Amino acid sequence: MTSSNFIQTCENIHSYTEPKYAELFRLIGRQPDGVHSLVHLRADILKFLPEIESPAYVERMSESLRDLLATWFTTGLLQVERVTWQSPCEIVQRVSEYEAVHRIRNWADLKRRLGPYRRCFAYTHHMMPNDPLVILHVGLVDNISNSIQTILNRVKSVSDVTEEILHEDPSLINSAIFYSISSTQPGLRGIELGNALIKRCVLQLQAEHPELEKFSSLSPIPDFRKWLMEELHSSSTSIISSEIRSWFHSLFSTSTWHLDETVLDEIRPILMRLCTYYLTQVKHSKTGYARDPVANFHLRNGAVVWRLNWLADRSERGWKQSLSMMVNYRYYSFDRIDRNSIDY
24 MTSSNFIQTC
34 ENIHSYTEPK
44 YAELFRLIGR
54 QPDGVHSLVH
64 LRADILKFLP
74 EIESPAYVER
84 MSESLRDLLA
94 TWFTTGLLQV
104 ERVTWQSPCE
114 IVQRVSEYEA
124 VHRIRNWADL
134 KRRLGPYRRC
144 FAYTHHMMPN
154 DPLVILHVGL
164 VDNISNSIQT
174 ILNRVKSVSD
184 VTEEILHEDP
194 SLINSAIFYS
204 ISSTQPGLRG
214 IELGNALIKR
224 CVLQLQAEHP
234 ELEKFSSLSP
244 IPDFRKWLME
254 ELHSSSTSII
264 SSEIRSWFHS
274 LFSTSTWHLD
284 ETVLDEIRPI
294 LMRLCTYYLT
304 QVKHSKTGYA
314 RDPVANFHLR
324 NGAVVWRLNW
334 LADRSERGWK
344 QSLSMMVNYR
354 YYSFDRIDRN
364 SIDY
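Its first residue numbered 24, the sequence shown is counted upward by one per residue in our numbering.
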């Protein structure tokens, strides 16, 4: 068999074995707003998949649609757009609606996050121009931040945005902190977009502010408290002593323990040690990668765990998720990032 005959045979086999819905998806994608409709279709499939008694066929359909969408949403076809207060109203509203990490309280809060010493970048696709795919918020600060409050409250009110502040002082900008990244389209789950967005934003920020030396996240640890509660109620755990376990049970039975500064001083080294163990040693049972989803995202991107921060998020959500702790994932040179990603 010649090479051309072999290739033709492979194409015929692919044509005969490809499910009919694959061609239907391609036809829909060629229609006006068709790509957007397919993204929403896959979101619906993923939403109802757990309720289906025999999901194997539907899972294959979802995977087929994901593979097709991945060809349309490659990084070369996506645009990085900086969102400002002067951007189209629809885009600005989407930024507010899609914020999944640190809730935007009102329009004044939104204006601050789009204002001086901040950057908001959105990944967009020409087939969905007013519906961002990923939104990244960045704080421009004088050192790597150890508290989300210092970023969110840097300019305390819209009236504080003076003409002087509008012209950002380069001497106050040394570090870029990625403090929120939100994937907005459930239908694109499984298609990696956030990593490429961070890299492209780093290049844009370096071009705008050559004085930038450090790039880091300030990230939540969304499942730490959940994991800790599992360990406290497990009879097989060996990382928490019976004395500490008893103290934690008594402490967490109250709702005001975290308001006592003496208690916070006592519990800090214990929780910091347990959280370090959780981030670096606890793996997902199926994948073998970091169990914490945010840790897995940044480590997969090539970042490194750099610093754990106590009382970094004292909001109600911060206490519920991670007992106030946040972590910096440091991004170094692109060469090092790529090596770390491969090693991970």
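Ideal Cβ placement from N, Cα and C applies to all residues, glycine included. Values in this document were obtained by computation on a predicted structure and should not be read as measured data.
message = Just verifying my parser: in three-state terms, what is the DSSP assignment at I75?
response = Coil.
key: Where G162 falls: helix, strand or coil (DSSP)   = The answer is strand: DSSP assigns G162 an E or B state.
key: Spatial neighbours of D361 in its chain, beta-carbon cut-off 8 Å, leaving aside the 5 residues before and after   = Residues G325 of the same chain have their beta carbon placed closer than 8 Å to that of D361, with the five preceding and five following residues left out of the count.
query = Quick one: complete beta strand (DSSP E) runs, 3+ long, within the stretch 278–349?
reply = Complete beta strand (DSSP E) runs here, min 3: 327–332.
ask   = Count the other CB atoms within 10 Å of the CB of I365; is the residue buried (16 or more) or exposed (fewer)?
value = Label assigned to I365: exposed.
Under the three-state DSSP convention, the category F275 falls into = For F275, the three-state secondary structure derived from DSSP is helix.
ask   = So S119 is in the alpha helix (DSSP H); what residue range does that whole segment cover?
value = Following the DSSP letters along the chain, one finds S119 inside the alpha helix (DSSP H) bounded by residues C112 to Y121.
Beta strand (DSSP E) runs wholly inside the stretch 231–263, at least 3 long, in chain order = The qualifying runs are 237–240.
message = Given a cut-off of 7 Å on the beta-carbon distance, is the pair L220 and L163 in contact?
response = No; because the gap between Cβ atoms is not below 7 Å, this pair is not in contact.
C143 - partner residues in DSSP beta bridges = Under DSSP, the beta-bridge partners assigned to C143 are H160.
ask   = Does the distance from the C-beta atom of L45 to that of G210 stay below 7 Å?
value = The identity of residue 45 in the sequence shown is Ala, whereas the question assumes Leu. Result no, Cβ atoms of A45 and G210 do not sit closer than 7 Å.
Simplified DSSP assignment, three categories, for E104 = Here E104 sits in strand by DSSP.
H398 versus H321, H232 and P55, residue with shortest Cα-Cα distance = For residue 398 there is no data in the structure shown, the boundaries of the chain being 24 and 367.
ask   = Would you call the CB atoms of M349 and L195 closer than 7 Å?
value = No, the Cβ-Cβ distance between M349 and L195 is not below 7 Å.
key: Where M150 falls: helix, strand or coil (DSSP)   = If DSSP states are grouped into helix, strand and coil, M150 belongs with coil.
inquiry  = With three or more C-beta pairs closer than 8 Å as the rule, is the stretch 308–328 touching the stretch 242–249?
reply    = Contact between the stretch 242–249 and the stretch 308–328 is present: three or more C-beta pairs spanning the two stretches fall below 8 Å.
message = Quick test of the definition: if touching needs 3 or more C-beta pairs under 8 Å, does the stretch 196–210 touch the stretch 220–238?
response = Touching, yes, given that three or more Cβ pairs across the two stretches are closer than 8 Å.
key: I167 beta carbon less than 7 Å from that of K237   = Yes, these two residues count as a Cβ contact at 7 Å.
task = Pick helix, strand or coil for I200, following the three-state DSSP scheme.
result = If DSSP states are grouped into helix, strand and coil, I200 belongs with the strands.
query = Can you check whether the CB of V157 is closer than 7 Å to the CB of R142?
reply = Result no, Cβ atoms of R142 and V157 do not sit closer than 7 Å.
key: Identified DSSP bridge partners for N351   = DSSP output for N351 lists R330 as bridge partner(s).
message = Quick check on N176: buried or exposed, where buried means 16 or more other Cβ atoms within 10 Å of its Cβ?
response = Classified as exposed, N176 has fewer than 16 neighbouring CB atoms from the shown chains inside 10 Å of its CB.
inquiry  = Whole angstroms are fine: how far does the CA of K249 sit from the CA of Y301?
reply    = Spanning the two alpha carbons is a distance of roughly 11 Å.
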